[in-house]
Amino acid sequence: NMEEERELGMLRKHREQILNNIDELISCTNYEQLVRETLRSGLISPTMRDNLKDLDGAQYKKLLSADQQQTELHRNFFKKITKRGPTAYDDLKEILQQLGFRSALRILQNVDDDSNDDFQSCTRIKRLSSKDIVDNCANSQPDDQTATTESRLPYKYTNGPLTPFTEPIDGPKRHVVQAEEIHTDQNLGTYSMQSEHNRGVLLVVNIIDFTLATRRRNGAEKDGNSLIDIFRQMGFTIFSYENLKQDQFFDLLNRLTSSDFVRNTECFVMALMTHGAREKEVDKVEFTDGSFEKVRAIIDHFQVASCPNLYNKPKVLIFPFCRGDAPDKGQPEPEVAKEQRPAIEYDGVKTNETVKKRNVSTLSDLMVCYATTPGHETHRDPLDGSWYIQKFCDVMAEQAHNTHMEDMLKKIQQKLSKMRANNNALQTGSYENHGFDRKLYFNPGYLPK
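For what it's worth, full-length UniProt numbering labels the leading residue of the sequence shown as 1, then goes sequentially.
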């Protein structure tokens, strides 16, 4: 309006948006990264940076602890930005986008686009109460009583040689029923699954911690351990990592699928466990650094041209994250009181070469497994792990010896459909078949004579 046009410097609504949400912006961002990037872009000068570091000569500085000083530096940085001219707000948004601080970016975007709430702001995240969703439980404990399990220490991500995960894991174990024969199908055919040492490769990536501590995925360690337990008994080589940044994840994916481990394997399974979101009908996933990427970018990695080592081999991708923030409402069932347990949480926020001379499908032999349908959220128990992964492991342990993959996915969906939260919200699993045209029997424990 005319009042805004007559304003000098940053628009009042933009200035107030920063100042009114300054504590949340501090929680969602990293001070050193912000200063480095704003210096590089010219939004602040070296002299301004030095003045910030000195807290502008404030006498109270000596009374503050190191953590308090850091918070005050962070606060003064955002105050300084409000005085950096009419383009500073948009410049800051661009920097937040580049650094992957999506939650902070959404706070700034909300003042101009109140209708777009595909990603949750820090404010909304802090207001979320997981007590609204409880797995068949009449009473729930407050969040601060939530128990967490101590995970095994995962291998740290490095650029060194790929190292299979061989450490023992914590928690209850399932018994995987062993196969008594190699299963075949005369009609559709089956994928070869009978190697002693190269039966399969499992990649587990578990993003548990995020830039905002309150968004920790409590109970997620149980899911990682459960998958490792199951696939280890089925003879798979395991690679397990936690809390990867986006660039680390894609670097790992490229290196692993280019390695001899994958070149020699009969099957590849990947589970990416993290927060998910849906923006303009596009599924996205979040990494530990707060950055987002489209799920499609991950799926496209497994195209023939970019992943020739897995051509004509079964590939199973497991994505047990939210695909939106809507609860899936079903027909209510009678509440069944069980032992008191923590509240359920949500896993969401709100080249041209070819392997063969003949044409082949861009995506083939690929099954993508989702814990829910588009637009809906998933459920995770802080004690027992996520509904989907735990049912997935139950079915695999009980039926992989004589049941093929697609039928097991249907069984998982049947089991999942019987679960209810205390508001009668449910969860419906789904999967996508991309040229997965043969049957996949894992044949656990059986070796041809």
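The beta-carbon is built from N, C-alpha and C at its ideal position, and this holds for glycine as well.
Candidates the options, of which the one nearest residue i by Cα
i: A271; options: D23, L202, K410, Q68; result: L202
i: P168; options: V176, I207, N225, N206; result: N225
i: H14; options: G160, R49, D90; result: D90
i: residue 503; options: Q68, Q69, L96, Q70; result: As displayed, the chain neither begins before 1 nor continues past 449, which places residue 503 out of reach and without an answer.
i: L252; options: G160, D170, H197; result: G160
i: E398; options: Y388, T362, K411, S386; result: K411
i: L34; options: N433, A305, I298, A104; result: A104
i: W387; options: A179, Q178, A220; result: A220
i: A179; options: E32, K53, N402; result: N402
i: Q98; options: R49, E293, K415; result: E293
i: R102; options: T163, M48, C28; result: C28
i: Q248; options: I207, A277, R49, E279; result: I207
i: K79; options: A305, C307, S41, N20; result: N20
i: S41; options: L212, L162, L92; result: L92
i: S306; options: R278, S258, A277; result: S258
Residues of its chain near residue i, where Cβ-Cβ distance is below 7 Å and the 5 sequence neighbours each way are ignored
i: V295; result: D283, K284, V285, F319
i: I182; result: Q194, N443, Y446, P448
Cutoff 8 Å; reference residue i; Cβ partners in own chain excluding five residues on either side
i: G200; result: M193, F231, M234, G235, F236, T237, T265, E266, C267, F268, V269, F442
i: Q59; result: Residue confidence for Q59 is low, a pLDDT of 49 falling below 50, so the modelled location carries little weight and cannot support an answer.
i: P46; result: L39
i: G85; result: G9, M10
i: E185; result: For the sequence presented, residue 185 should be read as Asp rather than Glu. Closer than 8 Å at the Cβ level, and outside the excluded window around D185, lie H404, R438, K439.
First and last residue of the uninterrupted alpha helix (DSSP H) at residue i
i: F231; result: 220-233
i: residue 454; result: Residue 454 cannot be examined here, being either before or after the span of the chain that is shown, 1 to 449.
i: A305; result: Element bounds for A305: n/a, residue is neither H nor E.
i: T71; result: 66-81
i: L25; result: 22-28
i: S41; result: 31-41
i: Y89; result: 88-99
i: L105; result: 102-110
i: L366; result: No alpha helix (DSSP H) contains L366, which is instead part of the beta strand (DSSP E) from 366-370.
i: N51; result: 46-53
i: A397; result: 387-399
i: I412; result: 405-417
i: R263; result: 260-263
Residue i versus residue j: straight-line alpha-carbon distance, rounded
i: F165; j: V176; result: 19 Å
i: L73; j: I22; result: 12 Å
i: residue 455; j: K449; result: Absent from the structure is residue 455, since the part of the chain shown begins at 1 and ends at 449.
i: N309; j: D260; result: 9 Å
i: V262; j: L256; result: 7 Å
i: N312; j: D407; result: 21 Å
i: E281; j: R106; result: 18 Å
i: S240; j: M273; result: 11 Å
i: S65; j: R75; result: 15 Å
i: F77; j: N30; result: 11 Å
i: T214; j: E242; result: 17 Å
i: H404; j: F210; result: 36 Å
i: Q69; j: H275; result: 31 Å
i: N110; j: N254; result: 36 Å
i: S417; j: C393; result: 16 Å
i: E216; j: R36; result: Inspection of the sequence shows that residue 216 is occupied by Arg rather than by Glu. The alpha-carbon atoms of R216 and R36 are separated by roughly 27 Å.
i: M10; j: N218; result: 40 Å
i: E16; j: A88; result: 13 Å
i: I298; j: D54; result: 44 Å
i: T163; j: D112; result: 48 Å
i: L128; j: E24; result: Confidence is the limiting factor: at L128 the pLDDT is only 35, short of 50, which leaves the residue's position unreliable and the question unanswerable from this model.
i: R12; j: L409; result: 54 Å
i: T71; j: E32; result: 12 Å
i: D67; j: K83; result: 25 Å
i: M48; j: F250; result: 36 Å
i: L108; j: D300; result: 31 Å
8 Å contact criterion, which residue i and residue j should meet: CB distance rounded
i: I81; j: I18; result: 7 Å
i: Y370; j: Y446; result: Not confirmed; about 30 Å, so no contact.
i: L244; j: V205; result: 6 Å
i: V316; j: M367; result: 5 Å
i: I389; j: D223; result: 4 Å
Same chain, Cβ closer than 6 Å to residue i, five either side skipped, listed in chain order
i: A400; result: F442, P444
i: S291; result: G100, Q246
i: K173; result: D229
i: D314; result: The displayed chain sequence assigns Pro, not Asp, to residue 314. The answer, listed in chain order, is Y191, C267, D365, L440.
i: T362; result: Q303
i: G189; result: R438
i: H434; result: L363, L366
N-terminal and C-terminal residue of the beta strand (DSSP E) that residue i is part of
i: V316; result: 315-319
i: N206; result: 200-206
i: residue 468; result: Look at the range of the chain in this structure, 1 to 449, and you will see that residue 468 is not part of it.
i: A179; result: Here A179 belongs to no beta strand (DSSP E), and DSSP marks it neither H nor E.
i: D283; result: 282-286
i: G276; result: 276-279
i: L272; result: 268-273
i: N433; result: 430-434
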